[in-house]
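Numbering-wise, the sequence shown is residues 0 to 263 according to numbering that gives the first Met the number 0. Glycine included, each C-beta is placed from N, C-alpha and C at the ideal position. Because the structure is a prediction, the values reported are computed rather than measured.
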Amino acid sequence: MTEISAGVPDHAAGIDGRTALVTGAASGIGAACALRLAAAGARVRALDRDAAGLAALREKAGRLPGTVEEVVLDLTDLDAAEETAAGTDILVNNAGLQLVRPITDFPPEDFHTVLTVMLEAPFRLLRGALPHMYARGWGRVVNISSVHGLRASAFKSAYVTAKHGLEGLSKVAALEGAPHGVTSNCVSPGYVRTPLVEKQLADQAAAHGVPVAEVVGTVLLADSAVKRLVEPEEVAEAVAYLCGPYAASVTGTTLTMDGGWSAH
């Protein structure tokens with residue numbers, strides 16, 4: 000077995016002291032990512048429009064090696080989003096919305112909002128973050144995509160469109176960032192135990208004509224070989240890996256955590 004060179008730094012060394020921006024950080028995957036990066040010593044800017052959720056997150060992070068700074072912002076304010084990303088070493092694009100409706104009933108204004116928050120805002124955050132990363136010769140971009148960035152489901156036109164677009168944006172950022180020491184990747188989980196999933200259960204039940212109590216088993220996990228929801232901490236651990244030194248050659252790709260859904 001080939002030994003790892005003694006010059007290779009410890010995993011946490013790639014994150015310790017870095018400035019990280021995590022969007023949608025008040026709960027779910029975003030909160031787990033913010034705490035995981037702070038545990039590795041990052042100075043985390045936790046961005047969300049939910050001020051109370053961010054305050055609770057900061058309390059949880061109180062004894063961690065890193066810090067958590069609350070940034071209350073609605074990502075539909077694209078100029079403010081781009082400005083907020085300045086000086087960022089690690090960018091985690093996580094914020095998301097969901098609405099389950101057939102295309103014929105999908106409100107155009109909601110389609111626009113979903114794409115603004117989940118695709119245009121990540122583009123603007125990249126614009127704000129990349130100059131600093133390029134100047135430092137180091138940067139990590141992790142886009143929280145979804146199995147819906149790889150596969151489609153009925154009744155989710157805006158979400159699927161946004162996630163497919165995010166996968167493409169991530170690859171372009173990888174190609175442009177490589178000469179500057181910047182990697183860009185997606186983490187694409189299946190259904191995660193988050194408020195976003197919990198809030199769609201009633202809509203899913205109505206769309207598929209099944210009781211709410213049966214949605215997780217018969218709808219959400221129907222194509223998954225692993226019959227359980229992904230935990231937010233599992234996603235956060237994948238994000239930490241992609242931000243660490245042992246992933247320096249991992250770029251332009253997707254780490255899929257879908258319980259075998261896309262293996263079909």
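Expected contact under 8 angstroms - CB spacing of residue i and residue j to nearest Å
| i | j | result |
| --- | --- | --- |
| Gly164 | Leu118 | 5 angstroms |
| Val43 | Ala19 | 5 angstroms |
| Arg139 | Thr182 | 6 angstroms |
| Gly29 | Ala84 | About 15 angstroms; that fails the 8 angstroms criterion. |
| Leu46 | Val21 | 7 angstroms |
| Leu149 | Ser261 | 5 angstroms |
| Gly13 | Cys242 | 6 angstroms |
| Gln203 | Tyr158 | Not confirmed; about 12 angstroms, so no contact. |
| Leu77 | Ala120 | 6 angstroms |
| Leu56 | Ala25 | 6 angstroms |
| Arg48 | Val71 | 7 angstroms |
| Tyr190 | Val229 | 7 angstroms |
| Ser145 | Pro188 | 6 angstroms |
| Pro298 | Gly27 | Lying before the first or after the last residue shown, residue 298 is absent from the chain, which here runs from 0 to 263. |
| His131 | Gly180 | At roughly 12 angstroms, the Cβ-Cβ gap does not stay under 8 angstroms, so His131 and Gly180 are not in contact. |
Buried/exposed call for residue i, threshold 16 Cβ in 10 Å
| i | result |
| --- | --- |
| Ile102 | exposed |
| His147 | buried |
| Asp88 | buried |
| Gly6 | With a pLDDT of 47 at Gly6, under the threshold of 50, the modelled position of this residue cannot be trusted; read the value that follows with caution. The residue is exposed, with fewer than 16 neighbouring Cβ atoms inside 10 Å. |
| Ala201 | exposed |
| Ala50 | exposed |
| Gly208 | exposed |
| Val171 | exposed |
| Ala246 | buried |
| Ala286 | The chain is shown from 0 up to 263; residue 286 falls before or after that span and cannot be answered. |
| Ala134 | exposed |
| Gly136 | exposed |
| Gly176 | buried |
| Lys226 | exposed |
| Gly61 | exposed |
| Asp104 | exposed |
Sheet register partners of residue i (DSSP bridge)
| i | result |
| --- | --- |
| Thr18 | Arg42 |
| Thr66 | Arg42 |
| Asp47 | Val71 |
| Lys170 | For Lys170, which the question treats as bridged, DSSP gives no partner whatsoever. |
| Val181 | Gly138 |
| Leu254 | Val186 |
| Val229 | Val191 |
| Lys59 | Paired residues: none, contrary to the question. |
| Lys155 | Arg100 |
Any non-hydrogen atom of the ligand ATP closer than 7 angstroms to residue i Cβ
| i | result |
| --- | --- |
| Val67 | In the structure shown, the ligand ATP is absent, as is every other ligand, since no ligand is present at all. |
Could you say if the stretch 125-133 and the stretch 234-248 meet the contact criterion of at least three C-beta pairs nearer than 8 angstroms?
In short, these stretches do not touch, since the Cβ pair count stays below three.
Touching or not, the stretch 59-67 and the stretch 157-172, by the rule of three or more beta carbon pairs under 8 angstroms?
No: the two stretches stay apart, fewer than three of their Cβ pairs being nearer than 8 angstroms.
Whole alpha helix (DSSP H) runs in the stretch 85-147 with 4 or more residues, listed along the chain?
The stretch 85-147 contains, as complete alpha helix (DSSP H) runs of 4+ residues, the segments 107-114, 120-135 (chain order).
Determine, using beta-carbon pairs with one atom in the stretch 246-260 and one in the stretch 183-191, whether at least three such pairs fall under 8 angstroms.
Contact holds between the stretch 246-260 and the stretch 183-191, because three or more Cβ pairs, one in each stretch, are under 8 angstroms apart.
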